[in-house]
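Residue numbers (the numbering used here): 907 to 1289.
We put the beta carbon where it would ideally sit given N, CA and C, even for glycine.
On a predicted model such as this, the values are computed, not experimentally measured, just so you know.
To keep things clear, I will list the structure first and then write my remarks on it.
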Ligand code: GDD
């Protein structure tokens, strides 16, 4: 099949939807399909696009911000539809399906599949009177016109219900990760990294874009309690975003500056050792509608490195963490409950190690991109 993927989220931009889009494109190409991806242009993407080409993925970059992409992408999508025999169109989120519909995918009888992540189904970005109603109507129309919807969790599937999509068109395909990219790293490398970071004792880790819903502030608020039992503990935060300055200020207000390390954005290839060096991975994301956690790939990445995880019981996180087996779920916005869960894992290294091992096994057996791409391929082929 020739599969046309259209996505406003794609590397080199960082985030879970970007990871999903790249893994799906590569995974479908690996299964022998011809894959073209229309995505936003970014400075210096040449080398990256050469890597995609080597993996069988042809990228067509469109000069555009992420927000303007559904309009700016239309000519490129139309050109591709005209010049090639596209068998299936795959939009990575509904705004990209809008580009496909505007470019005439329906007129050409090309089936349309649409992935759904979470917040894009709830966002209310239009601030002008009446504008949001128009936006909502367009979103509803686009979603209802898709032949197949692929939500990444049970939670995201539940967000599709109000759109009135028949259940037969909805197929949950959970996110995954790559167990050959994320795996346990030997103790000497972990120790070297901890020494470099200046982490002498237990290490808590978050990997995240620094935006409000991720709940990094809740970890900072829980930390004084954790430090009472584990005075040598450190909290390492990898990732960047608009909340960084406020979080750095909060850490210093709480008198935690020497225990907290903000690393900024980390190259993908270096994340593995960070995850593996941590005693616990933590991300207590809150449900601050419309900003919600559709799944949480980072929990799988940490688990694949055999690190136990703690997440909040919100959004799609209960699909990403098997409570009591690969990690713990805690209530959101509750520093006391989080401190207790952190204390539980730091205080019982054996059960923490067992959870880490179970996290690795779960990724190897089920929650990997290989399996996700198998499912998606089977569904696309059936359209
Ligand atoms: N290289 C690098 N450096 N990668 C990073 C960094 C960094 O500093 N910070 C975050 N990432 C990567 C993580 O490694 C992971 O692959 C991705 O960005 C984050 O993915 P998620 O944890 O899933 O969160 P998200 O909010 O960006 O993604 C949204 O869509 C996902 C896909 O469906 C959310 O809705 C998620 O819940 C959902 O899983």
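Return yes when at least one heavy atom of the ligand GDD lies under 7 Å from the C-beta of residue 1114, else no.
-> Your numbering for residue 1114 matches position 208 in the chain shown. The ligand GDD has a heavy atom closer than 7 Å to the beta-carbon of residue 1114.
Express the C-alpha separation of residue 983 and residue 952 in angstroms, rounding to a whole number.
-> Taking the chain shown and counting its residues from 1, the one referred to as residue 952 is at position 46. Taking the chain shown and counting its residues from 1, the one referred to as residue 983 is at position 77. Answer to the nearest angstrom: the Cα atoms are 20 Å apart.
Tell whether a beta-carbon distance below 8 Å holds between residue 1165 and residue 1103.
-> Numbered from its first residue, the chain shown carries residue 1165 at position 259. Numbered from its first residue, the chain shown carries residue 1103 at position 197. Not closer than 8 Å, so no.
Examine the ligand GDD and report whether any of its heavy atoms sits within less than 7 Å of the Cβ of residue 1207.
-> The count along the chain shown starts at 1 and reaches residue 1207 at position 301. The answer is yes for residue 1207.
Closest by C-alpha distance to residue 1047, when choosing among 1069, 1036 and 1086 = Counting from one through the chain shown, the residue named residue 1047 turns up at place 141. Of the candidates 1069, 1036 and 1086, the one whose C-alpha sits nearest the C-alpha of residue 1047 is 1069.
Given a threshold of 16 other Cβ atoms within 10 Å of its Cβ, counted over all protein chains shown, does residue 1306 qualify as buried or as exposed?
-> Nothing about residue 1306 can be reported from this structure: the residues present for the chain run from 907 to 1289 only.
Residue 1137 burial status per 10 Å Cβ neighbour count (16 or more: buried) | Counting from 1 along the chain shown, the entry for residue 1137 is found at position 231. Its Cβ having fewer than 16 others within 10 Å, residue 1137 is exposed.
Hey, quick one: how far does the alpha helix (DSSP H) through residue 958 stretch, first residue to last?
-> Here residue 958 refers to the residue found at position 52 when the chain shown is read from its first residue. DSSP places residue 958 in the uninterrupted alpha helix (DSSP H) bounded by 952-960.
Between the stretch 1106-1115 and the stretch 1078-1094, are three or more C-beta pairs nearer than 8 Å?
-> When C-beta atoms of the stretch 1106-1115 are compared with those of the stretch 1078-1094, fewer than three pairs fall below 8 Å, so the two segments do not count as touching.
Buried or exposed by the 16-neighbour rule on C-beta atoms within 10 Å, applied to residue 1024 = As a first step, residue 1024 is located in the chain shown; it is residue number 118 there, counting from the start. By the 10 Å Cβ count, residue 1024 comes out buried.
Quick one: give me the first and last residue of the alpha helix (DSSP H) that residue 1020 is part of.
-> Counted from its first residue, the chain shown places residue 1020 at position 114. Run containing residue 1020: none in the alpha helix (DSSP H); it sits in the beta strand (DSSP E), 1018-1022.
Assign residue 1155 to buried or exposed, taking buried as 16 or more other Cβ atoms, counted over all protein chains shown, within 10 Å of its Cβ.
-> As a working mapping, residue 1155 is identified with position 249 in the chain shown. Exposed.
In the DSSP assignment, what are the bridge partners of residue 966?
-> For the purposes of this step, residue 966 is taken as residue 60 along the chain shown, with counting starting at 1. 944.
Residue 1263 in three-state terms, based on DSSP = For the purposes of this step, residue 1263 is taken as the residue at position 357 of the chain shown. Helix, per DSSP.
In terms of alpha-carbon separation, which member of 949, 908 and 920 lies closest to residue 943?
-> Walking along the chain shown from the start, residue 943 turns up at place 37. Distance check between residue 943 and each of 949, 908 and 920 places 908 closest, using alpha-carbon atoms only.
Residue 1112 - DSSP class collapsed to helix/strand/coil = Position 206 of the chain shown, counted from the start, is the residue given in the question as residue 1112. In this structure, residue 1112 counts as strand in the three-state DSSP scheme.
Rank 1207, 1208, 1159 and 1203 by C-alpha distance to the C-alpha of residue 1221 and give the top, closest one.
-> In the chain shown, counting from the first residue as 1, residue 1221 sits at position 315. Per the Cα distances, 1203.
Is it the case that the Cβ atoms of residue 1224 and residue 1262 are separated by a distance below 8 Å?
-> Against the chain shown, residue 1224 aligns to sequence position 318. Against the chain shown, residue 1262 aligns to sequence position 356. Not in contact: residue 1224 and residue 1262 (Cβ atoms no closer than 8 Å).
What residues match up with residue 1057 in a beta bridge as DSSP calls it?
-> Stepping through the chain shown from its first residue, residue 1057 is reached at position 151. For residue 1057, the pairing in a beta bridge is given by DSSP as 1022.
Where does residue 975 fall in DSSP's three states?
-> In the chain shown, the residue the question calls residue 975 occupies position 69. Shown here, residue 975 sits in a helix according to DSSP, grouped into three states.
Along the chain, where does the alpha helix (DSSP H) that runs through residue 1205 open and close?
-> Here residue 1205 refers to the residue found at position 299 of the chain shown. That run of the alpha helix (DSSP H) goes 1203-1210.
Using the C-alpha atoms, what's the distance from residue 1004 back to residue 1249?
-> Residue 1249 sits at position 343 when you count from the first residue of the chain shown. Residue 1004 sits at position 98 when you count from the first residue of the chain shown. A straight line joining the alpha-carbon of residue 1249 with that of residue 1004 spans about 47 Å.
Who are the near neighbours of residue 1243 in its chain, counting only those whose CB is closer than 6 Å to its CB and skipping five residues on each side?
-> Taking the chain shown and counting its residues from 1, the one referred to as residue 1243 is at position 337. Only 1236 and 1237 meet the Cβ criterion.
Do you know how far the Cα of residue 1090 is from the Cα of residue 1015?
-> As a position in the chain shown, residue 1015 is number 109, starting the count at 1. As a position in the chain shown, residue 1090 is number 184, starting the count at 1. Cα-Cα distance, rounded: 47 Å.
For the stretch 924-931 against the stretch 1258-1273, are there 3 or more C-beta pairs whose distance is under 8 Å?
-> Touching, no, given that fewer than three Cβ pairs across the two stretches are closer than 8 Å.
Bridge-paired residues (DSSP) for residue 1274 | Taking the chain shown and counting its residues from 1, one reaches residue 1274 at position 368. Answer is 1083.
Taking only runs of the beta strand (DSSP E) that begin and end inside the stretch 1143-1176, which ones reach a length of at least 3 residues, in chain order?
-> If we require 3 residues or more, the beta strand (DSSP E) runs fully inside the stretch 1143-1176 come out as 1166-1170.
Taking Cβ to Cβ, would you say residue 1059 is nearer than 8 Å to residue 1200?
-> Taking the first residue of the chain shown as position 1, residue 1059 is located at position 153. Taking the first residue of the chain shown as position 1, residue 1200 is located at position 294. Going by C-beta atoms, residue 1059 is nearer than 8 Å to residue 1200.
Nearest CA to the CA of residue 1087: which residue from 1038, 1036, 1144 and 1179?
-> On the chain shown, residue 1087 is found 181 positions in, with the first residue counted as 1. When only C-alpha atoms are compared, the closest one is 1179.
How big is the Cα-Cα spacing for residue 1257 and residue 1251?
-> Working through the chain shown from its first residue, we reach residue 1257 at position 351. Working through the chain shown from its first residue, we reach residue 1251 at position 345. Spanning the alpha carbons of residue 1257 and residue 1251 requires a straight line of approximately 7 Å.
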